[in-house]
Each structure stands twice: as structure tokens, then as C-alpha cells.
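These notes are about the structure you will find just below.
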Amino acid sequence: MARSNRVKLCDRCSLTAPILYRVKYEEEGDWVFVCPQCWQHVSQENPFYTYGGTWKAKKK
8 MARSNRVKLC DRCSLTAPIL YRVKYEEEGD WVFVCPQCWQ HVSQENPFYT
58 YGGTWKAKKK
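Under my numbering, think of the first position of the sequence shown as 8, with each following residue one higher.
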């Protein structure tokens with residue numbers, strides 16, 4: 008069975024990425040998916056940061 012690549016956009020920069028992280032980074036924020044580059048910005052020294060899992064374009 009052929010596996011297709013799934014596509015999802017980063018909620019912060021709107022670029023596609025093969026791996027996205029599900030996070031909350033604002034006090035009253037919703038869960039969002041961010042790419043590794045945006046993840047570095049929202050996670051560092053952020054008391055409201057919460058990790059919620061990893062999304063991968065290539066699902067096993």
C-alpha cells in the first residue's frame with residue numbers, strides 16, 4: 008500500500024513542514040501547530056508554553 012505525504016501548515020508562519028509540534032504558547036491560547044523554527048521562538052523562556060505532541064507528514 009502506497010503512503011502519501013500529508014500536508015499541514017504552521018499556524019504561526021504559514022509554511023509547510025514535514026514535522027510540526029502541537030503547542031500552546033499564550034496564557035489563554037488555543038492548541039496550534041508550529042514548525043521547528045517557530046517552535047524555538049515560542050518555547051524558550053515562555054511560562055505559558057505547553058507541548059502537546061508531534062505531527063509528522065510521513066505517518067508510519
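We treat Cβ as the ideally placed atom computed from N, Cα and C, and that holds for glycine. This structure is a prediction, so every number in the text was calculated from the model and none was measured.
My understanding is that residue 20 touches residue 40, with C-beta atoms under 8 angstroms, so please give their C-beta distance in whole angstroms.
In the sequence shown, residue 20 corresponds to position 13, counting from 1. In the sequence shown, residue 40 corresponds to position 33, counting from 1. Going by Cβ atoms, the distance from residue 20 to residue 40 rounds to 11 angstroms, so no, they are not a contact pair.
Could you give the C-beta distance for residue 24 and residue 42, rounded to a whole number, given that I count them as a contact under 8 angstroms?
To locate residue 24, count along the sequence shown from 1; it is residue 17. To locate residue 42, count along the sequence shown from 1; it is residue 35. Indeed, because the Cβ distance is near 4 angstroms, the residues count as touching under 8 angstroms.
Does the beta-carbon of residue 58 have 16 or more other beta-carbons within 10 angstroms, so that it is buried, or is it exposed?
As a first step, residue 58 must be located in the sequence shown, where it is residue number 51. With fewer than 16 Cβ atoms within 10 Å of its Cβ, residue 58 is classed as exposed.
I'd like the list of long-range same chain contacts for residue 33, defined as Cβ closer than 7 angstroms, with 5 residues on each side in sequence excluded.
Walking along the sequence shown from the start, residue 33 turns up at place 26. The residues are 55.
Kindly provide the ranges of any beta strand (DSSP E) runs that are 3 or more residues long and lie completely inside the region 13 to 57, ordered along the chain.
26 to 31 and 39 to 41
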